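7 is the number of the first residue of the sequence shown in this note's numbering; add one for each residue after it. Even glycine gets a Cβ: it sits at the ideal position worked out from N, Cα and C. The structure displayed is predicted, hence computed values, not measured ones. Single-structure report; data block below.
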Amino acid sequence: MEIIWYHPSQSATAWIRGLQQRLPQARVRAWQPGDEGPADYALVRSPPAEMLRGRATLRGVFALGAGVDEILKQLEQHPGMLPDSVPLYRLEDTGMARQMQEYAVHSVLTWFRRFDDYQLQQQQACWQPLPPYARETFTVGILGAGVLGQSVAEGLKPWGFPLRVWSRSPKTIDGVTSFAGRDALQPFLQGTQVLINLLPSTPETINLIDQHFLAQLPHGAFFLNIARGAQVVEADLLAALESGQLKAAALDVFQVEPLPEAHPLWSHPRVTITPHNAAVTLIDEAIDYIARAITQDQAGETPQGRVDRQRGY
Ligand code: NDP
Numbered sequence: 007m008e009i010i011w012y013h014p015s016q017s018a019t020a021w022i023r024g025l026q027q028r029l030p031q032a033r034v035r036a037w038q039p040g041d042e043g044p045a046d047y048a049l050v051r052s053p054p055a056e057m058l059r060g061r062a063t064l065r066g067v068f069a070l071g072a073g074v075d076e077i078l079k080q081l082e083q084h085p086g087m088l089p090d091s092v093p094l095y096r097l098e099d100t101g102m103a104r105q106m107q108e109y110a111v112h113s114v115l116t117w118f119r120r121f122d123d124y125q126l127q128q129q130q131a132c133w134q135p136l137p138p139y140a141r142e143t144f145t146v147g148i149l150g151a152g153v154l155g156q157s158v159a160e161g162l163k164p165w166g167f168p169l170r171v172w173s174r175s176p177k178t179i180d181g182v183t184s185f186a187g188r189d190a191l192q193p194f195l196q197g198t199q200v201l202i203n204l205l206p207s208t209p210e211t212i213n214l215i216d217q218h219f220l221a222q223l224p225h226g227a228f229f230l231n232i233a234r235g236a237q238v239v240e241a242d243l244l245a246a247l248e249s250g251q252l253k254a255a256a257l258d259v260f261q262v263e264p265l266p267e268a269h270p271l272w273s274h275p276r277v278t279i280t281p282h283n284a285a286v287t288l289i290d291e292a293i294d295y296i297a298r299a300i301t302q303d304q305a306g307e308t309p310q311g312r313v314d315r316q317r318g319y
């Protein structure tokens, strides 16, 4: 069995060593331009078109992350780069769910306990206790109820906030209210005090979070974006922060990354920024997951995590 690997910025060493240990019958190599040798599986992040094109023996491609928007965009730009018959898989959880829980719990508690307000007051040496928010109306609404959205809901449960999710299809999650489909978006947003975005980036969700969308939240709501920057119209986000429609935002992802130095989001007093690392791919967990999936595929079973290319996630 031949496995090729490509990542534009990571070293291949740990990946190849780990894969080789877990799949001793395989030959694993880092793909280089010009390599047209045999390949049964490809493990990739932003692969050049020539890496995948024309590979008749390929049985599966594994994206080295949870989101596949980037690779689907590449497939669109390069017709024939990967036939529809070759399954594309993504990473499900592999340690990212816990990282997302940490980020979400941190942000929600910061806002609920008004630590952001106290941080601003401290800059003025201002000793001023502020009225607390009521837990029973501090509703957290999660856009996306997939692997990561549901996990974030679970992580927030111990804190007792009302929880709701919005997804394409209805969900049954103990202690969480499910809203599904476009018609349910308005009622979902109207009752959401803290909005957490965990949607995949697809043609349907790009620029979804705009002025009209944000205007449906209660005045003074909070926004956490840990999914993709392409889903947010940043000028509208800034306007909502300026007007007080949004009280604060925590942002991990942006339309342009790295976020340009002169971008007004950097210096907004109500915005906190992280450099697209809300949940990173953990190599050992990812290798375990991919090795298991390849073993299943070799045994004629269906591995989990197959992407529906038409749907876009
Ligand atoms: P999943 O595919 O498991 O879940 C996606 C969820 O979004 C599903 O509940 C789906 O609904 C819902 N959804 C998709 N399209 C729509 C739509 N048009 N309207 C309503 N709901 C929709 O993905 P994950 O939870 O694993 O990951 C989510 C995203 O998080 C990734 O795509 C990636 O972009 C981002 N991410 C960001 C990271 C970071 O560091 N910033 C790290 C990892 C991931 P349904 O259940 O009905 O299908």
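C-alpha gap between residue i and residue j, whole angstroms
i       : j       : result
Gln-80  : Phe-144 : 40 Å
Pro-206 : Gly-155 : 10 Å
Gln-261 : Gln-31  : 42 Å
Thr-295 : Glu-210 : The displayed chain sequence assigns Tyr, not Thr, to residue 295. So the alpha carbons of these two residues sit roughly 29 Å apart.
Leu-326 : Phe-194 : Not covered by the structure: residue 326. The range shown for the chain is 7 to 319.
Asp-314 : Ala-186 : 19 Å
Val-74  : Tyr-319 : 7 Å
Ser-249 : Leu-126 : 18 Å
Val-114 : Ser-175 : 26 Å
Glu-82  : Gln-316 : 11 Å
Asp-216 : Arg-276 : 18 Å
Gly-152 : Pro-138 : 32 Å
Asp-122 : Glu-291 : 34 Å
Ala-246 : Leu-252 : 5 Å
Thr-280 : Gly-166 : 27 Å
Ala-254 : Thr-208 : 26 Å
Val-92  : Tyr-124 : 53 Å
Val-239 : Gln-304 : 44 Å
Pro-39  : Ser-17  : 16 Å
Gly-159 : Leu-265 : Contrary to the premise, residue 159 reads as Ala rather than Gly in this sequence. Using only the alpha carbons, I get a separation of about 28 Å.
Trp-117 : Ala-20  : 39 Å
Arg-104 : Pro-164 : 15 Å
Pro-309 : Phe-68  : 11 Å
Leu-162 : Gln-129 : 30 Å
Pro-14  : Cys-132 : 48 Å
Glu-307 : Leu-201 : 38 Å
His-84  : Leu-136 : 56 Å
Glu-42  : Ser-157 : 40 Å
Own chain partners of residue i with C-beta closer than 8 Å, once the 5 adjacent residues on each side are dropped
i       : result
Ile-9   : Leu-25, Leu-29, Ala-32, Arg-33, Val-34, Arg-35, Ala-45, Asp-46, Tyr-47, Ala-48, Leu-49 and Ile-300
Thr-198 : Thr-145, Val-146, Gly-147, Arg-170, Leu-223, Pro-224 and Ala-227
Ile-212 : Ala-236 and Gln-237
Ile-293 : Trp-21, Gly-24, Leu-25 and Arg-28
Met-7   : Leu-29, Gln-31, Ala-32, Arg-33, Asp-46, Tyr-47, Ile-300 and Gln-304
Leu-244 : Pro-270, Leu-271 and His-274
Sequence-distant residues of its chain with Cβ nearer than 7 Å to residue i (five each side left out)
i       : result
Trp-37  : Ile-10, Trp-11, Tyr-12 and Met-57
Glu-76  : Ser-52
Met-102 : Ala-72, Leu-154 and Ala-285
Ala-190 : Trp-172
His-282 : Asp-258, Val-259 and Glu-263
Gln-192 : Gln-222
Val-182 : Ala-159, Leu-169, Arg-170 and Val-171
Thr-278 : Ala-256
Arg-141 : Gly-166 and Phe-167
Leu-78  : Arg-315 and Gly-318
Lys-177 : Ala-151, Val-171 and Ser-184
Asp-214 : This sequence places Leu at residue 214; Asp is not what is there. Correct list, in chain order: Gln-237.
Proximal residues to residue i (C-beta, below 6 Å), its chain only, five neighbours per side dropped
i       : result
Phe-219 : none
Gly-311 : Tyr-95, Arg-96 and Glu-98
Asn-203 : Leu-149, Asn-231 and Ala-233
Ala-1   : What the structure shows of the chain is the stretch from 7 to 319, and residue 1 is not part of that stretch, so it cannot be assessed.
Beta bridge counterpart(s) of residue i as assigned by DSSP
i       : result
Ala-36  : Trp-11
Tyr-319 : BP columns for Tyr-319 are empty, so no partner.
Val-238 : Ile-215
Thr-183 : Arg-170
Arg-104 : Answer is none; Arg-104 lacks a bridge partner.
Val-50  : Tyr-12 and Ala-69
Leu-201 : Gly-147 and Phe-229
Arg-312 : Tyr-95
Pro-257 : In the sequence as displayed, the identity of residue 257 is Leu instead of Pro. DSSP lists Asn-231 and Ile-279 as partners of Leu-257.
Leu-252 : Ala-227
Cβ-heavy atom distance, residue i to ligand 3, below 7 Å
i       : result
Asn-213 : In the structure on display, ligand 3 does not appear, and the ligands it does have are ligand 1.
If we count Cβ pairs, one from each stretch, closer than 8 Å, do we get three or more for the segment 225–236 versus the segment 98–114?
With a cut-off of 8 Å, the segment 98–114 and the segment 225–236 count as touching, because enough Cβ pairs lie within range.
Between the segment 85–94 and the segment 59–68, do at least 3 Cβ pairs fall closer than 8 Å?
Yes: at least three Cβ pairs fall under 8 Å.
Could you check whether the segment 284–294 touches the segment 266–276, counting it as contact only if at least three pairs of C-beta atoms, one from each stretch, sit closer than 8 Å?
Flag = no, the segment 284–294 and the segment 266–276 do not touch.
What ranges does the alpha helix (DSSP H) occupy inside the segment 270–305, keeping only unbroken runs of at least 4 residues that lie completely in it?
Entirely contained in the segment 270–305, the alpha helix (DSSP H) runs reaching 4 residues are, in chain order, 289–304.
Note down, one range per segment and in chain order, each beta strand (DSSP E) of at least 3 residues found wholly within the segment 123–179.
Correct list: 146–149 and 169–173.
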